[in-house]
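Peer 1:
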Amino acid sequence: MDGKKLEYKGEEALKEIERLTLNADEVQESLLKQILTQNKETEYLNKYMKEETYITDLQEFKRCVPVISYEGIFPYIQRIATGEDSSLITGQPITEMLCSSGTSAGEPKLMPSIAEDLDRRTFVYNLIMPIMNQYVSDLDEGKVMYLYFVKAEKSTPCGLPARTVLTSYYKSKHFKCRTHDPWNDFTSPDQTILCNDINQSMHCQLLSGLIHRGQVLRLGAVFASAFLRAISFLERNWRTLCDDIRNGQLSSFITDPSCRSSMSTQLSSPDPCLADEIGKICSQKCWKGILCKLWPKAKYIEAVVTGSMAQYVPALEHYCEGKLPLVCTMYASSECYFGVNLKPLCDPNDVAFTLLPNMGYFEFIPLGHNGKLLMDFDENEKVPNDMLVDLVHVKLGCFYELVITTFAGLYRYRIGDVLQVVGHYNKAPQFRFICRRNVVISIDSEKTNEEDLHRSVTIAKKLLEPYDALLVEYTSYADTSSLPGHYVLYWEILHYGTKEDPLDTNVLQECCITVEEELDYVYRRCRTNDKSVGALEIRLVEPGTFEALMDLFIAKGASINQYKTPRCIKSKKALKLLKSRVLASFFSPRDPKWTVT
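Residue numbering for the sequence shown is 1 to 597, as defined by our numbering.
1) By a C-beta neighbour count over all protein chains shown, 10 Å radius and 16 as the cutoff for buried, is A535 buried or exposed?
2) Restricting to Cα atoms, I'd like to know which of H393, S86 and I365 is closest to E401.
3) Among R539, M309, K579 and I278, which one has its Cα closest to the Cα of R511?
4) Pick from K343, C336 and I443: whose alpha carbon is nearest that of P325?
5) Would you call the CB atoms of C435 and V421 closer than 7 Å?
6) My assumption, with CB atoms under 8 Å, is that I131 sits in contact with V340. Please give the rounded CB distance.
7) Looking at the unbroken alpha helix (DSSP H) that takes in I278, where does it start and where does it end?
8) Measuring alpha carbon to alpha carbon, tell me which residue in G10, Y319, I415 and L508 is nearest K285.
9) Could you give the distance in angstroms between the alpha-carbon of T480 and the alpha-carbon of I441?
10) Counting only beta-carbon separations shorter than 7 Å, does D244 have a partner in chain B?
11) Check C204 in the structure and name its three-state DSSP category.
12) In terms of residue numbering, what span does the alpha helix (DSSP H) encompassing A263 cover?
13) Name the two residues that bound the continuous beta strand (DSSP E) containing Y337.
14) Could you check if Y490 is buried or exposed, using at least 16 other CB atoms within 10 Å of its CB as the buried criterion?
15) Between which two residues does the alpha helix (DSSP H) carrying D599 extend?
16) At the level of alpha carbons, what is the spacing between S104 and R567?
17) When the distance is taken between beta carbons, is L160 closer than 7 Å to M97?
18) Output needed for L577: all residues of its chain with C-beta closer than 8 Å, excluding positions within five of it in sequence on either side, in chain order.
19) Over what stretch of residues does the alpha helix (DSSP H) that includes S232 continue unbroken?
20) Buried or exposed for R590, please, with buried defined as at least 16 other CB atoms from any protein chain shown within 10 angstroms of its CB.
21) Identify every residue that forms a DSSP beta bridge with Y44.
22) What does the alpha-carbon distance come out to for the pair L201 and F233?
23) So for Y413, helix, strand or coil by DSSP?
24) Please determine if the region 452 to 466 and the region 512 to 526 are in contact, where contact requires at least 3 C-beta pairs separated by less than 8 Å.
25) If you measure between the beta carbons of A352 and R432, is that distance less than 7 Å?
26) Which residue's Cα is closest to the Cα of I17: L274, L470, G409 and K427?
27) Please state if the CB of A221 and the CB of I245 are separated by a distance shorter than 7 Å.
28) The ligand ZN and W295: does any heavy atom of the ligand fall closer than 6 Å to the residue's C-beta?
29) For D2, which residues in the same chain have their Cβ closer than 6 Å to its Cβ, ignoring the five residues on either side in sequence?
30) Can you tell me which of the three DSSP states W491 falls into?
31) Going by DSSP, what residue range makes up the alpha helix (DSSP H) through C292?
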């Protein structure tokens, strides 16, 4: 009976997607009216829409309410955080402040959240399995090893919880009090997910996944980087995990009472045979394909692999030997959950998200067309109100920056994500995530965005493949300590197979010039003609450097669930850490090609 009921819910979920996307324009208009009606008494809206008769007029809203970045809403958030009423920006009580990852733009930003936001997030989560079930069968006949983590929360001066969006969800009744769902039967006990100590949580969750290795059908984490960190943890600690299984006792370093209690049922008796099986697999020198060996029934890996996470795809494919699809199911942020991937088994390069028109009111700043980014607006640059385009009026192939209006009090707020329209599902556009708008490295007049840098590095790192070497992680830094300044790339490289000799200098120098050749016209002009930018430098760093960098940002308040390696380093502490781990340095041997056009 329960199974049929869940199946029925799945059918209903797919019907709801159809309804929303077929009526995207009406749903968006109705949603904005609801937001304005619910929040019409707020100080923020009344500042710009003074006439009571116009407060729910959509055109008046678009004419009068400005497009803002975080600086435009921060004074109101700060006032609420120190005790003023939620009615400054929203008609509903603000129940918590959600912290952004804090790695794209420095310190974490605080985003207002109201109780019904959890319902909206749960709505999106409940769409994922009905979509997946169309492509992968029998996912209800085994377990799921998803590695989820919480971050210790703080409080605002007035006592509101300040935590990450994922911590908020995992600590909510929507997660903790959920009914049993055979399509989401996690190997990890909830208590291990809710443990604030990342290492204890990681140990227990991996241990649970290994104990149930014969039943695991899906692997994953929120971000690809978190999943790879788990593989690294396993590589360092598999002997201890095997000892736990062999002895039927949890390691003494696990001191969290809830973890110990919940794991006692998992380790009900010694299992030396299972420990030996796992030990034999993990003791192999090369870990290529290790995931398929440890979890032989796994059907796919779920994690965010778009944007800055795309550079982890080769590493994930290495560990699964290319046998497991990499599935990216949804597009979300601390500010709002946006949409879902309706073709989840597509190639990671082809991931497109269908924006759900009931999640928030979406507008778009045009940035370019015909496959080219033609303009950009700095974070604090004024964007003309009449420039924005509604959800159903975006054009195929064009680039836009996403702007949202929410029930929780964000009005025409710039998310900072650059998207490209790649198709439509009914009336709802489908977007490819391109990059974070404000992640850029620059020395002179050139401005290199995240997408251009990632594309250049992706081409250059192919030069490592003949030498059984894999680029694990990278970041960049604009070094202006000498003139002319130059780009520095910090690379962490993994050697696999039989070739473990240091890479030849010429190989790394060719990587340098390959990156430069792939950067845009203005960069190559600055390098070759203007001589205002110096030769690009690659600095190889020790194994584990980027894990240490993650630890540094987590210590500063980032969440392991939401952590994304910053593509350009601006933190002095982070830069000091990277510099301390440098093994060797290489420069471009010549200028990149450039001709006057």
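Beta carbons: idealized from backbone N, C-alpha and C, even for Gly. Keep in mind the model is a prediction, meaning the values are calculated, not measured.
Peer 2: Let me lay it out:
1) Counting Cβ neighbours within 10 Å, A535 comes out buried, since at least 16 surround it.
2) Checked all of H393, S86 and I365; the closest Cα to E401 is I365.
3) Note that residue 511 corresponds to Cys in the displayed sequence, not to Arg. Looking at the Cα atoms, R539 is the closest of the given residues.
4) The candidate whose alpha carbon is nearest that of P325 is K343.
5) No.
6) Contact holds; Cβ gap of about 6 Å.
7) Where I278 is concerned, the enclosing alpha helix (DSSP H) starts and stops at P272 to C282.
8) For the options G10, Y319, I415 and L508, the alpha carbon positioned closest to that of K285 is the one of Y319.
9) A direct Cα-to-Cα measurement between T480 and I441 gives close to 12 Å.
10) In the displayed structure, chain B is absent; only one protein chain is listed.
11) C204: helix per DSSP, three-state reduction.
12) First, the amino acid is wrong: residue 263 is Met here, not Ala. Counting along the chain, the alpha helix (DSSP H) containing M263 begins and ends at P257 to Q266.
13) Per DSSP, Y337 belongs to the beta strand (DSSP E) from Y337 to V340.
14) Taking a 10 Å sphere around the C-beta of Y490, we find 16 or more other C-beta atoms and assign the residue as buried.
15) This structure leaves residue 599 out entirely; the chain is present only between 1 and 597.
16) Because S104 sits at a pLDDT of 40, beneath the cut-off of 50, its placement in the model cannot be relied upon, and the point is left open.
17) Their beta carbons are under 7 Å apart, which means M97 touches L160 by this criterion.
18) So the list reads T545, A548, L549 and L552, once near-sequence residues are dropped.
19) Per DSSP, S232 is one residue of the alpha helix (DSSP H) stretching across A224 to N247.
20) The residue is exposed, with fewer than 16 neighbouring Cβ atoms inside 10 Å.
21) Its beta-bridge partners do not exist; DSSP assigns none.
22) The residue you asked about is not Leu; residue 201 is Ser in the sequence shown. Their Cα atoms are separated by approximately 11 Å.
23) Strand at Y413.
24) Yes, since at least three Cβ pairs between the region 452 to 466 and the region 512 to 526 fall closer than 8 Å, the two stretches touch.
25) Taking 7 Å as the cut-off, the Cβ atoms of A352 and R432 count as close.
26) Ranked by how close their Cα comes to the Cα of I17, the residues L274, L470, G409 and K427 have K427 in first place.
27) Result no, Cβ atoms of I245 and A221 do not sit closer than 7 Å.
28) The model on display carries no ligand, and the ligand ZN is accordingly not part of it.
29) Because D2 carries a pLDDT of 38, less than 50, the predicted location of this residue cannot be relied on, and no value is offered for it.
30) Strand.
31) From DSSP, the alpha helix (DSSP H) with C292 extends over I290 to L294.
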